[in-house]
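In the working numbering, the protein residues as written are 125 to 318. Ideal Cβ positions, reconstructed from N, Cα and C, are used throughout, including at glycine. What follows is a single structure, written as structure tokens, with notes after it.
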Amino acid sequence: MNYQERFEEIYTAHITREGSKELLDWLRKTDFFTAPASTKYHCACEGGLVQHSINVYEVLREKHFEEGDSEESFAICGLLHDLCKAQFYKVSTRNVKNEATGQWEKQPFYMVEDSFPYGHGEKSVFLIERFLRLKTSEAMAIRWHMGGFDETAKAGGFSISVAFEKYPIAVKLHLADLEATYLREKNTSAVNRK
């Protein structure tokens with residue numbers, strides 16, 4: 125089973141809210157299933173975004189699911205937290221010197237081309253809500269999944285602290301994203317394999 129098939133299996137098994145079919149149809153029309161998750165840090169490879177989304181869902185479910193938690197909320201948050209990265213990267217080329225031959229060669233690389241610069245977590249929330257209504261806890265979790273790496277948090281805003289205090293799933297999603305990115309996805313980028 126490839127990553128898209130695994131994603132769709134989890135998605136259709138757990139996300140049944142009104143609008144979920146339309147959102148999945150929209151995802152299929154974007155580059156979500158072929159896009160990288162980053163330009164060079166983690167899963168910077170074809171299909172990296174869907175791979176990362178599944179990894180975050182799996183860490184979230186394995187490590188943080190407790191009695192009373194919602195399977196649907198965990199699937200929505202884990203699978204869709206980085207929806208903002210669909211239609212976000214493009215492949216370009218740059219000249220890189222081949223150390224063995226001394227020749228300059230064109231090498232492909234991912235670059236950001238943000239046609240809708242709405243932020244990170246907030247952009248994912250916006251895109252999801254075009255199709256289905258999020259619970260407040262889900263919106264908060266997706267909005268703040270970057271934790272201290274979020275631009276607003278880095279600027280000294282306190283909203284993230286309030287969100288983490290009020291909505292445990294927000295903390296859980298942030299932790300799952302960190303573990304997936306820095307532990308499970310280590311050496312998943314072509315740049316880092318050299």
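Query, Result
"Check for me: the beta strand (DSSP E) holding residue 194 runs from which residue to which?", "Taken as a continuous stretch (DSSP letters only), residue 194 belongs to no beta strand (DSSP E), as it is neither H nor E."
"At 4 residues or longer, what runs of the alpha helix (DSSP H) sit wholly inside the region 218-300?", "245-253, 260-267, 275-278, 283-290"
"Relative to the C-alpha of residue 83, which candidate in 235, 219, 234 has its C-alpha closest?", "The question about residue 83 has no answer here: the residues shown for the chain are numbered 125 through 318."
"Hey, would you say residue 127 sits closer than 8 Å to residue 178, going by beta carbons?", "yes"
"What would DSSP say about residue 181, mapped onto helix, strand or coil?", "helix"
"Do residue 264 and residue 294 have their C-beta atoms within less than 8 Å of each other?", "yes"
"Taking C-beta to C-beta, are residue 301 and residue 166 nearer than 8 Å?", "no"
"If you follow the alpha helix (DSSP H) that residue 152 is in, where does it begin and where does it stop?", "144-153"
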